[in-house]
Amino acid sequence: MKINTKINSKNLSVGFIGAGNMGLPMIKNLIKAGFNVKVFDWNIKVTKKLDKEKIIAVNNLRAIAKSDFIISMLPNTTDVESVFNNETGINQFLSPGTIIIDMSTISSTSSIQIGKILQKKQIEFLDAPVSGGVKGATNGTLSIMVGGKKEIYKKSLDILNSMGKNIIYAGKSGMGQIFKMCNQIMVGSHIQAMCEAFALCKSKGGNLALLRETLIGGSANSWMLENLGNAVIDKNEKAGFRIDLQLKDLKLASDAAFEGGVPLPGLSLVLALYLETRAHNEGKNGNQSLFKAYDRMTNQN
Ligand code: NAD
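Residues in the sequence shown are numbered consecutively from 148, following our numbering.
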């Protein structure tokens, strides 16, 4: 549910780290909402793109360290750890009272640890991973799952509302990441279920577009079927969300399950199928490319 708060966004500065597939549209929505945004991305190609879009880009972390809020949207746990590092990262330049919102999908354990390190410097940290893909980031309709102190979550609502629609307080530090892992378990299973149904239909000479329309109208419908079903049918491998990132998330979920002693056999199966696609050098494809594994298994290229 969208919650309205009455903070004057024009007075607040936001330093944003990581302007990739997700970060860039999120940055645009923050600017649209009136925040003063400065962006750091270490990829020069990305910086050039920002210049073209007239978005303020800086070339080092220090230049955004005095922002009221700092948001990170980075690929992996190690990227977030290196940015929020006391010796080599931005931490040495931060002031007490700064609020950091990490919106990347990373390890829950690592997220808790980063939060503890920052708390020693009286810097607040929320884990706030998202769901909804590039489409959700562009439309400002992301689901955002927030872990950390509730009062800091409340202070951050104006910012989060400008990028998302469902802003959920998941609980203590690290819980946003746990919610996101649960989300990814279901994402993987839904894609796998769709590919499996398509593989059978295709093997019998059925019309996949018609099957998709049929299933959308019934109890088998899913976000995957609606948003990625046509990409599977058209063999469109373009990435919104890369197989590499999907594998990263499934591994995070698998590690957390192992830590907790929770057997998740469905997750293990989906993880193995995604590893099969990566072994075929398809890691840069969109996650819908799991269908290629099914085409191989059924010799239906
Ligand atoms: P991306 O690779 O497109 O973008 C990441 C950006 O961060 C790149 O521009 C890269 O140059 C930059 N970067 C990496 N390390 C950096 C560093 N140390 N300092 C500065 N910049 C750095 O990735 P993405 O698809 O935008 O995903 C970002 C995060 O969001 C990931 O954790 C991903 O799992 C999660 N996510 C992605 C999607 C999606 O559909 N793409 C959906 C939900 C969640």
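All C-beta atoms in this analysis are idealised placements derived from N, C-alpha and C, irrespective of residue type, glycine included.
As the structure is a computational prediction, the values presented were derived from the model and not from experiment.
Among the options, which residue has its Cα nearest to the Cα of residue i?
{"i": "Val277", "options": "Tyr316, Ser229 and Gly376", "result": "Tyr316"}
{"i": "Thr225", "options": "Ala386, Asp215, Phe388 and Ser258", "result": "Ser258"}
{"i": "Thr235", "options": "Glu271, Phe216, Asp274 and Leu208", "result": "Leu208"}
{"i": "Asn432", "options": "Met444, Phe388 and Gly407", "result": "Phe388"}
{"i": "Ala386", "options": "Glu406, Glu423, Leu437 and Phe345", "result": "Leu437"}
{"i": "Gly167", "options": "Ile363, Ser369, Gly280 and Ala356", "result": "Gly280"}
{"i": "Tyr421", "options": "Leu394, Glu360 and Asp402", "result": "Leu394"}
{"i": "Arg392", "options": "Glu360, Leu418, Ile270 and Asn233", "result": "What sits at residue 392 in the sequence shown is Leu, not Arg. For the residues Glu360, Leu418, Ile270 and Asn233, the minimum Cα distance to Leu392 belongs to Leu418."}
{"i": "Leu273", "options": "Lys297, Asp215, Ala440 and Met328", "result": "Lys297"}
{"i": "Asn330", "options": "Val205, Leu414, Phe216 and Leu265", "result": "Leu414"}
{"i": "Val205", "options": "Gly321, Phe216 and Trp189", "result": "Trp189"}
{"i": "Ser214", "options": "Ala340, Gly407, Leu159 and Lys301", "result": "Leu159"}
{"i": "Thr256", "options": "Gly283, Lys282, Asn238 and Glu228", "result": "Glu228"}
{"i": "Lys268", "options": "Leu358, Gly287 and Ile247", "result": "Ile247"}
{"i": "Glu373", "options": "Gly287, Met341 and Ile291", "result": "Met341"}
{"i": "Ile211", "options": "Lys196, Phe187 and Glu200", "result": "Phe187"}
Should residue i go down as buried or exposed, given a rule of 16 or more other Cβ atoms within 10 Å for buried?
{"i": "Lys149", "result": "Reliability fails at Lys149, whose pLDDT of 44 lies under 50, so the model's placement of it is uncertain and the value that follows must be treated cautiously. Classification for Lys149: exposed."}
{"i": "Asp198", "result": "exposed"}
{"i": "Met444", "result": "exposed"}
{"i": "Val409", "result": "exposed"}
{"i": "Phe405", "result": "exposed"}
{"i": "Leu221", "result": "buried"}
{"i": "Ser350", "result": "exposed"}
{"i": "Lys439", "result": "buried"}
{"i": "Ile363", "result": "exposed"}
{"i": "Val161", "result": "buried"}
{"i": "Thr152", "result": "In this predicted model, Thr152 has a pLDDT of only 44, less than 50, meaning its place in the structure is not dependable; the value taken from the coordinates is given anyway. The residue in question, Thr152, is exposed, as its Cβ has fewer than 16 Cβ neighbours within 10 Å."}
{"i": "Pro243", "result": "exposed"}
{"i": "Lys327", "result": "buried"}
{"i": "Ala284", "result": "buried"}
{"i": "Gln266", "result": "exposed"}
{"i": "Gln447", "result": "exposed"}
{"i": "Asp381", "result": "exposed"}
{"i": "Ile191", "result": "exposed"}
In the structure shown, what three-state DSSP assignment does residue i receive?
{"i": "Gly408", "result": "coil"}
{"i": "Ser436", "result": "helix"}
{"i": "Gly162", "result": "strand"}
{"i": "Phe326", "result": "helix"}
{"i": "Asn151", "result": "Any reading at Asn151 must be qualified, since the residue scores a pLDDT of 42, below 50, and its modelled position is unreliable; the value itself is stated next. Three-state result, Asn151: coil."}
{"i": "Lys195", "result": "helix"}
{"i": "Asp442", "result": "helix"}
{"i": "Leu241", "result": "coil"}
{"i": "Leu273", "result": "strand"}
{"i": "Phe345", "result": "helix"}
{"i": "Ala204", "result": "strand"}
{"i": "Lys431", "result": "coil"}
{"i": "Asn286", "result": "helix"}
{"i": "Gly353", "result": "coil"}
{"i": "Gly188", "result": "Residue 188 is actually Asp in this sequence, not Gly. Note: Asp188 maps to coil in three-state DSSP."}
{"i": "Gly311", "result": "strand"}
{"i": "Ser219", "result": "strand"}
{"i": "Asn183", "result": "strand"}
{"i": "Asp249", "result": "strand"}
{"i": "Gly376", "result": "helix"}
{"i": "Ala317", "result": "strand"}
{"i": "Gly294", "result": "strand"}
{"i": "Ser303", "result": "coil"}
{"i": "Ser336", "result": "helix"}
Could you check whether the Cβ of residue i sits closer than 7 angstroms to any heavy atom belonging to the ligand NAD?
{"i": "Met169", "result": "yes"}
{"i": "Ala275", "result": "no"}
{"i": "Phe345", "result": "no"}
{"i": "Ser278", "result": "yes"}
{"i": "Leu221", "result": "yes"}
{"i": "Asp249", "result": "no"}
{"i": "Phe187", "result": "yes"}
{"i": "Ser160", "result": "no"}
{"i": "Ala403", "result": "no"}
{"i": "Ser257", "result": "no"}
{"i": "Gly311", "result": "no"}
{"i": "Gly430", "result": "no"}
{"i": "Asn238", "result": "no"}
{"i": "Ser214", "result": "no"}
{"i": "Phe231", "result": "no"}
{"i": "Thr285", "result": "no"}
{"i": "Asn207", "result": "no"}
{"i": "Asp226", "result": "yes"}
Tell me, please, whether the CB atom of residue i is closer than 8 angstroms to any CB atom in chain D?
{"i": "Asn448", "result": "The structure shown contains no chain D, having only a single protein chain."}
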